[in-house]
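Take a look at the structure set out below.
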Amino acid sequence: MELLRAFLDVLFPPLCHLCKAPVPGAGPLHLCDACLGAMTPITSPLCPVCGVPHRTEGGIDHLCGSCMLTPPPFDGVRGALLFDGPLQELIHRHKYGHKVHLRRPLALLAIRHLTPFVQSVAPDVIIPVPLHRSRLRERGFNQAVLVGAVLSREWRLPLLRHTLRRVRPTVAQVTLSARERRANVRGAFAVSGPAGIAGRRVLLMDDVVTTGSTVAECARVLKDAGASAVFVITVALAPPGR
Ligand SMILES: [Zn+2]
Ligand SMILES: [Zn+2]
């Protein structure tokens, strides 16, 4: 089977998900070196709480001013890569272009960059950031659930799809100020079946985290429902200052 696959790869090399260049021997990721090289992995020094990388080169992780002044309700966020360039394109095609097969490269990027963090925080369950049912009806799928299902298998963590619900529709956070963003998501989430998370360490996940207000509100609700810790992972984290 392996041999057959290798042979077929030579005859019909897989194409890069983004630029369609042939990528022989690409493995399951199917992204060419040029596209991959244009993505920016998030590395230390970063803020261990919000996960935003510091602008300085070198040095150790330390709290950013904002997390120091207002400690967020989550215990730590980590993003695999910065939300820009070809990754932004990949995420948009997955979500808005209905290319559900792109859950795989997105999950593989998360696995590649975030496995050490996930192992270090030892979560009990994984919970995808939910969509409101009106949005779900319109899109037909929740991208965080699709990516989360792959991560759940890889990391052998139960995926709780129905524990956290978005009970109120919200407008896109991009257009809002920081204060408006917090108001926009306040009261938008609820937990059903808190027994599943009581005293447990939750790994909350989304495809993109921009300002952190949505995951902060989810974390607040999960902790109110008894979660002992809430860590957040995302494939893409907005660069500082966005
Ligand atoms: Zn490419
Ligand atoms: Zn921070």
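At position 130 of the sequence shown the residue is numbered 1385 (the numbering used here), and the sequence of numbers has no breaks. Even for Gly, the Cβ is constructed at its ideal location relative to N, Cα and C.
What is the rounded straight-line gap between the Cα of Cys-1473 and the Cα of Ser-1447? 13 angstroms
Would you report the Cα separation of Ile-1315 and Arg-1260, rounded to the nearest angstrom? 44 angstroms
Evaluate Asp-1288 with the Cβ neighbour count: other Cβ atoms within 10 Å of its Cβ, from every protein chain shown; 16 or more gives buried, anything less gives exposed. exposed
Grab the span of the alpha helix (DSSP H) containing Phe-1262 for me, first residue to last. 1257-1266
Given that a residue counts as buried once 16 or more other Cβ atoms are within 10 Å of its Cβ, and exposed if not, what is Gln-1374? exposed
Please tell me whether, using a cut-off of 7 angstroms, the distance from the CB of Leu-1284 to the nearest non-hydrogen atom of ligand 1 is below it. no
Residue span of the alpha helix (DSSP H) that contains Arg-1475, given as start and end: 1468-1479
Is it right to say Ser-1389 is buried, meaning 16 or more other beta carbons lie within 10 angstroms of its own, or is it exposed? exposed
Per DSSP, which residues does Asp-1462 bridge with? Please list them. Answer is none; Asp-1462 lacks a bridge partner.
Should Ala-1335 be listed as close to ligand 1, given that the test is whether its C-beta is under 7 angstroms from any heavy atom? no
Determine the burial state of Thr-1370: buried for a count of at least 16 other Cβ atoms within 10 Å of its Cβ, exposed for fewer. exposed
Less than 7 angstroms separating the Cβ of Cys-1290 from some heavy atom of ligand 1? yes
Nearest-angstrom Cα distance between His-1317 and Val-1402? 29 angstroms
For a test of your reading of the model: does the CB of Ser-1407 fall under 7 angstroms from any non-hydrogen atom of ligand 2? Yes or no. no
Skipping 5 residues on each side, what residues in its chain have a beta carbon closer than 7 angstroms to that of Leu-1342? Met-1294, Leu-1336 and Ala-1491
With distances taken from CA atoms, which of Ile-1382, Arg-1333 and Gly-1313 is nearest Val-1457? Ile-1382
Do you know how far the Cα of Leu-1263 is from the Cα of Glu-1257? 10 angstroms
Using the Cβ count rule (16 or more neighbours within 10 Å means buried), how would you classify His-1272? buried
Ala-1471 versus Pro-1279: straight-line alpha-carbon distance, rounded: 41 angstroms
Can you tell me whether Arg-1416 is helix, strand or coil according to DSSP? coil
When you compare each of Ser-1432, Gly-1481, Ala-1365 and Asn-1439 to Arg-1423 by their alpha carbons, which one comes out closest? Asn-1439
Rounded C-beta distance between Arg-1367 and Leu-1357? I'm assuming under 8 angstroms. The pair is not a contact, with the Cβ atoms about 16 angstroms apart (cut-off 8 angstroms).
Helix, strand or coil: how does DSSP classify Ala-1482 here? coil
Among Ala-1399, Ala-1450 and Thr-1325, whose alpha-carbon lies nearest the alpha-carbon of Val-1464? Ala-1399
Rounded separation between Arg-1333 and Gly-1282 - CA only: 25 angstroms
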